[in-house]
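Protein chains in written order, with this note's numbering: chain A, 4 to 276; chain B, 1041 to 1454; chain C, 180 to 442. Below you'll find the structure, written out as structure tokens, and then a few comments.
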Amino acid sequence: MLPSAYEFHWDAGHLVFLGIFYGVLMVVLATLARAAIRSRRDLRRRREGDIAWHEAFADLTEERRHCRHAFDGAASGRVCDHGFACDTCAGHARLAAAGGGDVVVARGPRAPRAGERLHHRGHTWVEARADGTFDVGVDDILRSCVGRPDRVTVPGPGERVQAGAPAAELQRGRLRARLVAPLTGTVVATGDYEGGRLYRVRPLDGECRLENLLRPAEAQVWRLRELEMLQARLGAPGAATALADGGELVADLMRACPAADWDAIIGDLCLEP
Amino acid sequence: MDHHLIPRGLDRAPLSRFLLWLLPWLALSVWGGWAAVALFRDGLYHTNMDNRFAFGLWIIFDLAVIALGAGAFFLGFLTYLMRRHEFRQVLNTAVIVGFVCYSGAIATLAIDVGQPIRAWFAFWHANVHSMLTEVTFCITCYLVVLAIEYLPIVLKNRSLRPVKGALVLEANLHRLMIVFAGVGAFLSFFHQGSLGGMFGVLNGRPFAFREGVGIWPSTFFLFILSAIAAGPSFIMLIVMTVSRLSGKRLVDQFVYARLGRISGILMAAYALAKLADTVVWIFVTLPGLGFDAAEFYRHELFGTWVLFLELTVFGLLPATILLNRRRLEDRRWLVAGAVLTCLGVSFNRFVFTLQTLSVPTMSFDRFMIYWPSWQEWAVVAGVVAYGVLLYSFSFRYLNLFPRERELQPTVGRS
Amino acid sequence: MHATENTGARYAMAIDLDKCTGCGACMVACAVENNVAVPPPAAAANRGLTWMAVHRTDNGQEWPAHRPVFIPIPCQQCEHAPCIHVCPVTAVQLDESTGIVGQVPARCMGCRYCMAACPYHARYFNYFDPTWPEGLEETLNPDVAPRMRGVAEKCNFCHGRLDRARERAAAEGRPADEVVAYVPACVEACPHGAITFGDSRDPASPMAQLARDPRAFRLLEALGTGPKVTYLSADPAVRRVGLSRLDMVRGATAVTADGAEGA
């Protein structure tokens, strides 16, 4: 093993065998070290949120990863494979430029008008305000599912939130719904859940990728699909048909359908498998 | 009770039923542990091994599980290096089964050697000309690699989500997994071969001795071939069993057929190679050593049926079943082919270990047989139980099958 | 490695089967000389430790030509020993200066691969802690270390005696690399003088002539292990026991093919 071991002698066999052995050991250790160093670097750069988002995204089922162009009809059945980051998606650029589909899609970044709502696939929305800040809130589907949460955790003023990374959490009983931030920025104020707003964000220059969020027209189609999914998952025929017909959402679905696998449903809604 | 540990959206049995399932396996592992303690304390006289049967049940078991565990490295190799992404569906199972097989084999070996405390001598005083040295080095290194491959699967457990470092490390390990897959393939290739080489180099045991290429006797290559033929079949059978026990579809149907087909191709290659090897052994090797093959098959226990069985029922038959595309679609044929493949490889290891020691070498030798003592059985049962326990926990608390959620009927349970 | 091929001694042994009565004195003398532990009375037959095992067979003839043949088998000290290259911990070594295959008990980890490799079943494993019946421990030889549980052991041509002979030679002022003469315990104990021992490279030694003796044969020579224990018998039928069983069945042809005279 080592030249210092008793009766060790240098010969071709030792050189070849131990050379390969130590070589393999080095490769394994170096690779481990590399993973450790990269992890440390990622933690220092606070990339854990980003990594969490990509890991979760990779584990999403295909039906949770439909491309926005599957909603506008330009590319039905198209599945997203890079974390809903349309700004870096060549396919989105092409499809948006072609302008195909029934729904008009944003072409490139554009400042939303005040009061306009953009939707994130994790059931949060963003509403532009006149002063350039954005309100972030929970949409009606998730609100109806969670009902009255026991606890709402939101980032405090001054904290940085990053698009895709977990930012807020709703808790009801043992269930936790972690809400990813729809856009990157600094929190300037906290809202209240009852009022519909979770927190207010001032976006960082250059990092506010609003084109990754669904425009109202797309969101409408997407919302109907989400309701269909919910209907299937709830498995209670009576309550569900009403949903798909566009009927009123019950204020507290969790209480209305206690038998459903709410843990899985919340995971699906919040894109956290 | 343990909801916060079970992956989201996976339907698992109630905790009480799970604990009930664990109970018999726990009992078996306690039995094995008890025997192991006695063996460590008193020595190997609790076994039925003797001066003739220096190897017994444990070596047969080790050889068989390491061959069956070859699916871990081979499927890793196919997935990461050959880019056969369909095998990602069973890769986690392959890694865990591989880990179980290798750690189980090493645990058994630790009990098997007379001086377990000196196990490190195999490294310190390594005799680089011994096949067993190579096996020891490679198996130990590969177990480390398997542990590294297992780690990301564990780190993705739900309860570790709040731990920032866990996910980041998992992601980074996962990104470098191709390196570990490559190293694993390299190591496994050599130790699977060296396990065969262990027998092929026994120039004092004509039953096992084989001609070869360079320092590698033909058994080196035959063991590699048979192991990678059995690996995919074994993983397939495990997944099918888990699927049956849990009442869930875990992987796409076509994955089974792909696994079966790969086993079939390799089994065909193995069966033909084994046939050629046997012919050379009978007509060239043995006469040169002053022996005749008929002599080895003259004894009541190991008749010519052994050779016949190895070449046909455990060789050509599973190969023809698994090479037939229509049979691959039929679950019963697929299972039959895979079972025969796994049995065949285990039987081959059994024959090489036991018949080698049973048949006489000197003209006045007696043919001898051996039956393991209950302690030997207990250790084997304990290791099997440990494997079932580890896999059961992994199946319950880790997300082993990436397609499982998608394959379940979407209608909610009532 | 090959540079030393023809230097040093090659201690060898010859056992005359025509003189052996199977009395077992060699086994007893060996056990006493080498501190071979006594297994518990309940131990299975094939778990004992006998560096020298006397096997019994016959000459394969019908009565009245039938007669039993006793074959004492110590480690054959093979020149190309199958047990050396298999040992993972380098605990088996061929001593280039004596030709003796040595077993290092303190390094053996008890994997028993060497036992599976040996075609002569001349290797033994310590299944039990070494014990001696009350009083017998008085006979322990201070020149030989007893072996611990869990290691393999075998005949080493009474290496303790070789060491003592070397010490004497050194005390007499003879050069350290000179081949010393000594006699293993079994040779000394055989009441019929059936066992001869010496350096086969020494032309003056009886072992050198024995190699050309028409009565000589070795066990399983075709395996190429190069055993250093020669057996002697005037009976061609007895000489066939050195072959594998099938060759025995083949009878005269095999013996002729092997270079010896036909029956």
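Here a beta-carbon is modelled for each residue, glycine too, at the ideal position from N, C-alpha and C.
Quiz item: Among B/1443, B/1100, B/1437, which has the Cα closest to the Cα of residue 1393 of chain B?
Solution: When only C-alpha atoms are compared, the closest one is B/1100.
Quiz item: Helix, strand or coil: how does DSSP classify residue 1201 of chain B here?
Solution: Three-state DSSP puts residue 1201 of chain B in coil, outside helix and strand.
Quiz prompt | Simplified DSSP state of residue 251 of chain C, which is helix, strand or coil | solution = If DSSP states are grouped into helix, strand and coil, residue 251 of chain C belongs with the strands.
Quiz item: According to DSSP, which residues form a beta bridge with residue 172 of chain A?
Solution: Looking at the DSSP output, residue 172 of chain A sits in a beta bridge with A/156, A/181.
Self-check item: Closest residue to residue 275 of chain A among A/10, A/55, A/28 (Cα-Cα distance)
Solution: For the residues A/10, A/55, A/28, the minimum Cα distance to residue 275 of chain A belongs to A/55.
Quiz item: Where residue 1088 of chain B and residue 1112 of chain B are concerned, what is the direct C-alpha to C-alpha distance, given to the nearest angstrom?
Solution: As the crow flies, the alpha-carbon of residue 1088 of chain B is around 33 Å from that of residue 1112 of chain B.
Quiz item: When the cut-off is 9 Å and only beta carbons count, does residue 9 of chain A lie next to chain B?
Solution: So, interface residue.
Practice problem: Name, going along the chain, the residues of the segment 1242-1256 of chain B whose beta-carbon falls closer than 8 Å to a beta-carbon of chain C. | Solution: For the segment 1242-1256 of chain B, which is checked against every Cβ of chain C, the residues closer than 8 Å are 1242, 1243, 1244, 1245, 1246.
Self-check item: Where residue 243 of chain A falls, given that 16 or more other Cβ within 10 Å makes a residue buried
Solution: The predicted position of residue 243 of chain A is uncertain, since its pLDDT is 48 and thus under 50; no value can be drawn from it.
Practice problem: Indicate whether at least one CB of chain B lies closer than 9 Å to the CB of residue 54 of chain A. | Solution: At least one C-beta of chain B is nearer than 9 Å to the C-beta of residue 54 of chain A.
Quiz item: So the beta strand (DSSP E) residue 130 of chain A belongs to, where does it begin and stop?
Solution: Looking at the DSSP string, the run of the beta strand (DSSP E) that includes residue 130 of chain A is 127-131.
Practice problem: Determine the extent of the alpha helix (DSSP H) in which residue 234 of chain A is found, giving its start and end residues. | Solution: From DSSP, the alpha helix (DSSP H) with residue 234 of chain A extends over 219-237.
Quiz item: Taking all protein chains shown into account, do 16 or more other C-beta atoms lie within 10 angstroms of the C-beta of residue 167 of chain A, making it buried, or fewer, making it exposed?
Solution: With 16 or more other Cβ atoms within 10 Å, it is buried.
Quiz item: Within 9 Å (strictly less), CB to CB, does residue 90 of chain A reach chain B?
Solution: Chain B places no beta carbon closer than 9 Å to that of residue 90 of chain A, leaving this residue out of the contacts.
Self-check item: Three-state secondary structure assigned by DSSP to residue 411 of chain C
Solution: Strand at residue 411 of chain C.
Quiz item: Grouping DSSP H, G and I as helix and E and B as strand, with all else coil, what is residue 1169 of chain B?
Solution: Here residue 1169 of chain B sits in coil by DSSP.
Self-check item: chain B within 9 Å of residue 4 of chain A, Cβ atoms only
Solution: Contacts with chain B at 9 Å (Cβ-Cβ) include residue 4 of chain A.
Quiz prompt | Runs of alpha helix (DSSP H) lying entirely within the segment 5-92 of chain A, each at least 4 residues, in chain order | solution = Fully enclosed alpha helix (DSSP H) runs of no fewer than 4 residues occupy 15-47, 51-62, 71-74 of the segment 5-92 of chain A, in order along the chain.
Quiz item: Under a three-way DSSP split, which group does residue 109 of chain A fall into?
Solution: Residue placement at residue 109 of chain A is poorly supported in this model, since its pLDDT is 46, which falls under 50; the coordinates still yield a value, given next. Residue 109 of chain A: coil per DSSP, three-state reduction.
Quiz item: Which same chain residues, not among the five before or five after residue 111 of chain A, have their C-beta less than 7 Å away from its C-beta?
Solution: Any answer about residue 111 of chain A is weak, because its pLDDT of 45 lies below 50 and its placement is not dependable; what the coordinates show is given next. Only residues of its own chain outside the window of five on either side were considered, and among them 214 have a CB closer than 7 Å to the CB of residue 111 of chain A, listed in chain order.
Quiz item: Helix, strand or coil for residue 1256 of chain B per DSSP?
Solution: Judged by DSSP in its simplified three-state form, residue 1256 of chain B adopts strand.
Quiz item: With 9 Å set as the bound, which would you pick, yes or no: does the beta-carbon of residue 1140 of chain B sit closer than that to a beta-carbon of chain C?
Solution: Residue 1140 of chain B is outside the set of residues whose beta carbon lies under 9 Å from a beta carbon in chain C.
Exercise. Mind checking who residue 205 of chain A pairs with in its DSSP beta bridge?
Key: According to DSSP, residue pairing for residue 205 of chain A in a beta bridge involves A/189.
Exercise. Give the DSSP-derived three-state secondary structure of residue 443 of chain C in the structure shown.
Key: In the structure as shown, chain C starts at 180 and stops at 442, and residue 443 of chain C therefore has no counterpart that could be examined.
Quiz prompt | Interface flag, residue 1147 of chain B vs chain C, CB-CB below 9 Å | solution = Judged by the 9 Å Cβ criterion, residue 1147 of chain B is not in contact with chain C.
Quiz item: Is it the case that the Cβ atoms of residue 1133 of chain B and residue 1282 of chain B are separated by a distance below 9 Å?
Solution: Taking 9 Å as the cut-off, the Cβ atoms of residue 1133 of chain B and residue 1282 of chain B count as close.
Quiz item: Who does residue 192 of chain C pair with in a DSSP beta bridge?
Solution: DSSP lists C/376, C/408 as partners of residue 192 of chain C.
Self-check item: Nearest residue (CA-CA) to residue 245 of chain C, options C/255, C/220, C/274, C/416
Solution: Taking residue 245 of chain C as reference, the option from C/255, C/220, C/274, C/416 with the minimal CA-CA separation is C/416.
Practice problem: If I'm right that residue 278 of chain C touches residue 255 of chain C with Cβ under 8 Å, what's the distance once you round it to whole angstroms? | Solution: Not really, about 11 Å apart at Cβ, beyond 8 Å.
Practice problem: Please list, in chain order, all residues of the same chain as residue 248 of chain C whose beta carbon is under 7 Å from its beta carbon, the five residues on each side excluded. | Solution: Taking residue 248 of chain C as the centre and dropping the five residues before and after it, the same chain places the C-beta of 196, 236, 237, 238, 417, 420 closer than 7 Å to its C-beta, in chain order.
Quiz item: Quick one: Cα of residue 108 of chain A to Cα of residue 78 of chain A, how far?
Solution: Legend: pLDDT at residue 108 of chain A = 49, less than 50; position of this residue unreliable, no value from coordinates given.
Exercise. Using beta-carbon positions only, say whether residue 121 of chain A and residue 217 of chain A come within less than 9 Å of one another.
Key: Their beta carbons are under 9 Å apart, which means residue 121 of chain A touches residue 217 of chain A by this criterion.
Quiz prompt | Beta-carbon gap between residue 191 of chain A and residue 136 of chain A smaller than 9 Å | solution = Going by C-beta atoms, residue 191 of chain A is nearer than 9 Å to residue 136 of chain A.
Quiz item: Does residue 241 of chain A come within less than 9 Å of chain B when only Cβ atoms are used?
Solution: For residue 241 of chain A, the predicted structure reports a pLDDT of 48, less than 50, and the residue's modelled location is therefore unreliable. A value from the coordinates is still provided. No, its Cβ sits nowhere closer than 9 Å to a Cβ of chain B.
Quiz item: Of all the options C/333, C/342, C/328, C/361, which has the alpha carbon lying nearest to the alpha carbon of residue 322 of chain C?
Solution: Taking each of C/333, C/342, C/328, C/361 in turn and checking the Cα distance to residue 322 of chain C, the smallest one comes out for C/342.
Exercise. Tell me, please, whether the segment 1328-1335 of chain B touches the segment 1266-1279 of chain B by the rule of three or more beta-carbon pairs shorter than 8 Å.
Key: Under the 8 Å Cβ criterion, the segment 1328-1335 of chain B does not count as touching the segment 1266-1279 of chain B, having fewer than three qualifying pairs.
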